[in-house]
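1098 is the number of the first residue of the sequence shown in the numbering used here; add one for each residue after it.
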Amino acid sequence: MKKRLFGFIAFALCALLLLVAVGASASDFGDFSGGSDYGYDSGDTDFGGSSYDWGDDDDNGGYYYYGGTGAGEAYNCTSTDMLIVLIIVAVILFFIWYRSRNTQTPVTTSVKRTDDSELTSMKNYTASVDPQFSIVNMQKKLANLYVQLQNCWSQMDITSLRPYLTDELYTQSERQLNELKQNEQTPHVERIAVLGTDIRGYFRRDGMDHLIVEMSTRINTYVTDNNTGNVVRGDRDSEKFMTYEWDLVRPTGTKTEEAGEMQVVNCPNCGAPVSINATAKCPFCDSVITVNAKDWVLASIKGLSQKSNY
């Protein structure tokens, strides 16, 4: 009898369910683990991809209204009918607002893999730029750093990461964590495994050397509500195979020290010697130590692909 009204209600409910499903993303460091897989082909075995569009996860979809009534059928909209429609529209608008309020901004807006033509071979770097640079040591260091990133993200305290991130990346990551804290939610990143670390090459720009690294990992990530302990995003059991691109920087002309990857500096507050690869805090006075022009620091992260193992 009232087919058009029921049709609109059904459409609105479907749109509402779609919004809830699209917004159900998990949260790794930087919030690159989304609710939907991206950036890979069905035939891929390495879960890689050339690019991915953040709009796939953030698009609220389109809403269409078809005017007119069915042929040979009259329809009179009553005040009750209008009330039902208004309630449904209000619910949809609420979920749109709620989802935008709970969506973290990715660390980078560009998601296209750096083209090979922009990079110079690492053989050139070790031969003529920095003979002490060790690709193997750097790969180990970055794999360890990835695990530290995820562990600190789960603990919702990234203070110890301060020496390894640029000011911009550190500030944005803190802002993302603060959003989670305001929403009384906790991210969990578990069963972390680094499957591969490929140092693809380097380039120079504005007085800085940039090291481009592609990293393949496996993680399990989800978000819980602090008050109930219930999972509000992600899945406790679903594994995600992630591919990232890291951009690490240091001033041009900086050389790797012969002592190796471990670096010791003096605490600017109390003068005590501190290994910054072990901690970012002085164990004597708890001051946070930052390192400028000493070692590679992470400047940006791109999420290139994700494939879930449901």
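Even for Gly, the Cβ is constructed at its ideal location relative to N, Cα and C.
> Whole alpha helix (DSSP H) runs in the region 1200-1271 with 4 or more residues, listed along the chain?
Replying inline: Unbroken alpha helix (DSSP H) stretches of 4 residues or longer found wholly inside the region 1200-1271: 1232-1252, given in chain order.
> Which of the three DSSP states, helix, strand or coil, is assigned to GLY1278?
Replying inline: Against the sequence shown, residue 1278 aligns to sequence position 181. According to the sequence as given, residue 1278 is Lys; it is not Gly. Three-state result, LYS1278: helix.
>> So if DSSP puts GLY1331 in a beta bridge, which residue, or which two residues, is it bridged to?
In response: Locating residue 1331 in the sequence shown gives position 234, where the first residue counts as 1. DSSP output for GLY1331 lists TYR1319 as bridge partner(s).
> Who are the near neighbours of TRP1393 in its chain, counting only those whose CB is closer than 8 Å to its CB and skipping five residues on each side?
Replying inline: Taking the sequence shown and counting its residues from 1, the one referred to as residue 1393 is at position 296. So the list reads MET1235, LEU1308, LEU1345, VAL1346 and ARG1347, once near-sequence residues are dropped.
>> Nearest by alpha-carbon distance to THR1349: which of ARG1302, GLN1269, ASN1327 and THR1211 is it?
In response: Translated into positions along the sequence shown, residue 1349 becomes position 252. Answer by Cα proximity: ARG1302.
>> Counting C-beta neighbours from all protein chains within 10 Å, is the total for GLN1252 16 or more, i.e. buried, or is it exposed?
In response: Against the sequence shown, residue 1252 aligns to sequence position 155. With fewer than 16 other Cβ atoms within 10 Å, it is exposed.
> In this structure, what does DSSP give as the bridge partners for ASP1128?
Replying inline: Counting from 1 along the sequence shown, the entry for residue 1128 is found at position 31. As computed with DSSP, ASP1128 is found in no beta bridge at all.
> Relative to the alpha-carbon of ASN1221, which residue among ASP1322, GLU1354 and ARG1297 has its alpha-carbon at the smallest distance?
Replying inline: The residue you call residue 1221 lines up with position 124 of the sequence shown. Ranking the options by Cα distance to ASN1221, first place goes to ARG1297.
> Since VAL1291 and MET1312 are thought to touch, with beta carbons under 8 Å apart, how far apart are those beta carbons, to the nearest angstrom?
Replying inline: To locate residue 1291, count along the sequence shown from 1; it is residue 194. To locate residue 1312, count along the sequence shown from 1; it is residue 215. Their Cβ separation, rounded to whole angstroms, is 7 Å, which keeps VAL1291 and MET1312 in contact under 8 Å.
> Quick one: what's got a C-beta closer than 7 Å to GLY1249's C-beta in the same chain, skipping five residues either side?
Replying inline: Against the sequence shown, residue 1249 aligns to sequence position 152. Note on residue identity: the sequence assigns Cys, not Gly, to residue 1249. Answer for CYS1249: ILE1255, SER1257 and LEU1258, listed in chain order.
> Considering LYS1352, what are the terminal residues of the beta strand (DSSP E) in which it resides?
Replying inline: By one-based count along the sequence shown, residue 1352 stands at place 255. First-last for LYS1352: undefined, no H or E at that position.
>> Strictly by DSSP, which residues pair up with VAL1394?
In response: If you number the sequence shown from 1, residue 1394 lands on position 297. According to the DSSP secondary-structure assignment, VAL1394 is paired through a beta bridge with VAL1346.
> Near ILE1232, which residues of its chain fall below 8 Å by C-beta distance, leaving aside the five closest residues on each side in sequence?
Replying inline: Residue 1232 sits at position 135 when you count from the first residue of the sequence shown. Closer than 8 Å at Cβ, skipping near neighbours: MET1219, THR1223 and ILE1296.
> Are the Cβ atoms of PHE1338 and LYS1404 separated by less than 8 Å?
Replying inline: Position 241 of the sequence shown, counted from the start, is the residue given in the question as residue 1338. Position 307 of the sequence shown, counted from the start, is the residue given in the question as residue 1404. PHE1338 is a Cβ neighbour of LYS1404, given a cutoff of 8 Å.
> Under the DSSP definition of a beta bridge, which residues are partnered with ASN1406?
Replying inline: Residue mapping note: residue 1406 aligns to position 309 of the sequence shown, counting from 1. Answer is GLU1336.
>> Please classify ALA1396 as buried or exposed, where buried requires at least 16 other C-beta atoms within 10 Å of its C-beta.
In response: Within the sequence shown, numbered from 1, the residue matching residue 1396 stands at position 299. Buried, by the Cβ-count rule.
>> On the criterion of 16 or more Cβ atoms from any shown chain inside 10 Å, does GLN1273 qualify as buried, or is it exposed?
In response: On the sequence shown, position 176 is the one that residue 1273 refers to. So GLN1273 ends up on the buried side.
> Can you tell me whether DSSP reads LEU1190 as helix, strand or coil?
Replying inline: Start at 1 with the first residue of the sequence shown, and residue 1190 comes out as number 93. Under the three-state reduction of DSSP, LEU1190 is assigned to helix.
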